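Novice: First the structure, which I've put down as structure tokens, then a few questions once you've had a look.
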């Protein structure tokens with residue numbers, strides 16, 4: 047039985063297939079929660095489930111992205127952004143940064159995408175979720191003190207989406223904790 051939809055990813059083509067899946071499923075989560083598609087921050091995270099897969103994808107990422115001297119770098123800037131054309135109402139989106147996450151035996155997800163809201167709108171939404179005055183299907187305040195984000199999830203969907211401000215979506219490109 048194959049537990050993970052794409053893992054282990056063993057080729058660039060396999061990585062691109064996973065990226066397309068993450069893109070469309072994250073937009074589905076976004077629309078499910080908000081009734082519309084939010085702007086995308088350009089961050090694409092691909093989650094590994096095997097050590098060999100992580101080693102392969104890290105080498106592939108090194109070929110596809112600009113190097114960084116920062117040991118805490120998480121998202122790397124792509125040499126050539128990945129653009130996924132509009133399909134079935136999901137807007138064309140360009141991804142400029144790629145993250146390859148280490149294997150996590152407790153997560154089955156394929157990956158994640160970051161969306162953003164204007165700071166005032168985000169603050170009001172987050173507060174309304176915290177105080178219970180607003181409920182959005184599949185949206186919850188992300189339970190990490192170092193990241194100010196709202197997580198989009200669905201138990202029947204194998205990706206995660208995150209909503210924050212542009213500033214936070216740029217901040218997460220570098221690891222916040224060890």
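In my numbering, the protein residues as written are 47 to 224. Here a beta-carbon is modelled for each residue, glycine too, at the ideal position from N, C-alpha and C. What you are looking at is a predicted structure, and each value in this text was computed from that prediction instead of being measured.
#1: Starting from residue 125 and walking both ways along the beta strand (DSSP E), at which residues does that stretch end?
#2: Rounded to whole angstroms, what is the Cα-Cα separation between residue 72 and residue 115?
#3: In chain order, what residues of the same chain lie with their CB nearer than 7 Å to the CB of residue 215, ignoring the 5 residues before and after it?
#4: Find the nearest neighbour of residue 218 within the set 203, 195 and 205, judged by alpha-carbon distance.
#5: Counting Cβ pairs closer than 8 Å, one from the segment 150-160 and one from the segment 193-211, do we hit at least three?
#6: Excluding the five sequence neighbours on either side, which residues of its own chain have a C-beta within less than 6 Å of the C-beta of residue 112, listed in chain order?
#7: Find the nearest neighbour of residue 167 within the set 144, 147 and 212, judged by alpha-carbon distance.
Specialist: Reading it off the structure:
#1: 122-130
#2: 30 Å
#3: 87, 89, 160 and 162
#4: 195
#5: yes
#6: 123
#7: 212
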